[in-house]
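Trainee: Next up is a structure, given as structure tokens.
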Amino acid sequence: LTGSPRVGKSGDHPSDFAVTGPVASAVSAGGSITFVVVFNASDTGTRSAILSVPNDDPDENPYNFSIQGKGTAVLTVTGITVTDREYDGTNEATLVGTGTANLVGVIGDDQVTLNVAQAVGVFADANAGTGKTVTVSGLTISGDDAANYTLAQPTTTATITISVKELVVSGITASDKEYDGGTTATLVGTGTATLVGAISGDDVTLNTTQTEGAFADADVAEGKIVNVSGLTISGADAGNYSLTQPTTSAN
Numbered sequence: 400l401t402g403s404p405r406v407g408k409s410g411d412h413p414s415d416f417a418v419t420g421p422v423a424s425a426v427s428a429g430g431s432i433t434f435v436v437v438f439n440a441s442d443t444g445t446r447s448a449i450l451s452v453p454n455d456d457p458d459e460n461p462y463n464f465s466i467q468g469k470g471t472a473v474l475t476v477t478g479i480t481v482t483d484r485e486y487d488g489t490n491e492a493t494l495v496g497t498g499t500a501n502l503v504g505v506i507g508d509d510q511v512t513l514n515v516a517q518a519v520g521v522f523a524d525a526n527a528g529t530g531k532t533v534t535v536s537g538l539t540i541s542g543d544d545a546a547n548y549t550l551a552q553p554t555t556t557a558t559i560t561i562s563v564k565e566l567v568v569s570g571i572t573a574s575d576k577e578y579d580g581g582t583t584a585t586l587v588g589t590g591t592a593t594l595v596g597a598i599s600g601d602d603v604t605l606n607t608t609q610t611e612g613a614f615a616d617a618d619v620a621e622g623k624i625v626n627v628s629g630l631t632i633s634g635a636d637a638g639n640y641s642l643t644q645p646t647t648s649a650n
């Protein structure tokens, strides 16, 4: 190989192609050499160059061959947001603004259209929390010049929240009692009480060992409100829920 550099570049867009190597300066009969060409387009569309390898072979000096690549610009999308929602055990997100979303990065008068019909959003996980990341997929582009572009699917975090789901308790009642000057109420059914509102399959358990009942006051009356307290929840999915302490009534 007689050139310096050993592989030269010419043609329409030689600066878009970076050549590294070869290290060897000689090639044996039937042998080969290796060099690396990296394409880094400076514009969209087809980009081409001619690589030339000067050598002392009288039949192939220089050895020329053509290369080409396709330059694409990356487009981004603005205007898509996500609505907050209550925990439901899924990672599905509701997208807002797809109909008015904008493409950013289209060059000049290029004809490129954003297609949103198949757009979907998913949270990184299904758990309740604030500042949740939502990844959007399904956006595509079309148009006469779309082949010159690639589309980056957006993500959004902002202040998107999956709020905890409220659970209530059923099956707890209170016994009537004779006036005794106190507000303590005797609860019935704590051992068989059930949670209402949990998502099927979630690991969440109602704990009743510390449950207490109390009348609003100690006075004699019928249909008095009894406030229940001390109920808690536990389990792998308990963090996605809040528990409302129930009330009941007794005489």
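Numbering (our numbering), first residue to last: 400 to 650. No residue lacks a Cβ here, since even glycine has one placed at the ideal position from N, Cα and C. In this text, all values refer to a predicted model and were calculated from it rather than measured experimentally.
Find out if the Cβ-Cβ distance for the pair residue 561, residue 614 is shorter than 8 Å.
Mentor: no
Trainee: If contact is defined by three or more beta carbon pairs under 8 Å, each pair taking one atom from either stretch, is the region 524-535 in contact with the region 545-554?
Mentor: yes
Trainee: Considering only residues of the same chain and omitting the five flanking positions on each side of residue 565, which have a CB-CB separation below 7 Å?
Mentor: 596, 641, 643
Trainee: Taking only the alpha-carbon atoms, compute the straight-line gap between residue 416 and residue 525 and give it to the nearest angstrom.
Mentor: 45 Å
Trainee: Run through DSSP, which three-state label would residue 427 get?
Mentor: coil
Trainee: Looking at residue 443: is its Cβ nearer than 8 Å to the Cβ of residue 470?
Mentor: yes
Trainee: Just the Cα atoms here: how many angstroms apart are residue 527 and residue 512?
Mentor: 36 Å
Trainee: Quick one: Cα of residue 456 to Cα of residue 435, how far?
Mentor: 22 Å
Trainee: Cα separation between residue 413 and residue 447?
Mentor: Rounded to whole angstroms, residue 413 to residue 447 spans 7 Å at the Cα level.
Trainee: For residue 578, is the classification buried or exposed, using 16 other Cβ atoms within 10 angstroms of its Cβ as the cut-off for buried?
Mentor: exposed
Trainee: Going by DSSP, what residue range makes up the beta strand (DSSP E) through residue 548?
Mentor: 548-550
Trainee: Kindly list the residues whose CB is nearer than 7 Å to the CB of residue 519, restricted to its own chain and excluding five residues on each side of it in sequence; keep chain order.
Mentor: Answer for residue 519: 536, 537, listed in chain order.
Trainee: Just list the beta strand (DSSP E) runs in the region 408-479, keeping only unbroken ones of 3 residues or longer that don't cross its boundaries, in chain order.
Mentor: Qualifying beta strand (DSSP E) stretches, in chain order: 416-419, 435-438, 444-452, 462-470, 472-477.
Trainee: Determine, using beta carbons only, whether residue 619 and residue 647 come nearer to each other than 8 Å.
Mentor: Going by C-beta atoms, residue 619 is not nearer than 8 Å to residue 647.
Trainee: Spatial neighbours of residue 491 within its chain, please: C-beta separation below 7 Å, excluding the five flanking residues on both sides.
Mentor: 521
Trainee: Tell me which residues share the same chain as residue 496 and place their Cβ nearer than 6 Å to its Cβ, disregarding the 5 neighbours each side in the sequence.
Mentor: 478, 479, 480
Trainee: Is residue 567 near residue 486, with beta carbons less than 8 Å apart?
Mentor: Contact annotation: residue 567 and residue 486 have beta-carbon atoms that are not nearer than 8 Å.
Trainee: Taking buried to mean at least 16 other C-beta atoms within 10 Å of its own C-beta, is residue 506 buried or exposed?
Mentor: exposed
Trainee: Starting from residue 648 and walking both ways along the beta strand (DSSP E), at which residues does that stretch end?
Mentor: 646-649
Trainee: Taking the alpha carbon of residue 466 as the reference point, which residue from 632, 608, 426, 406 has its own alpha carbon closest?
Mentor: 406
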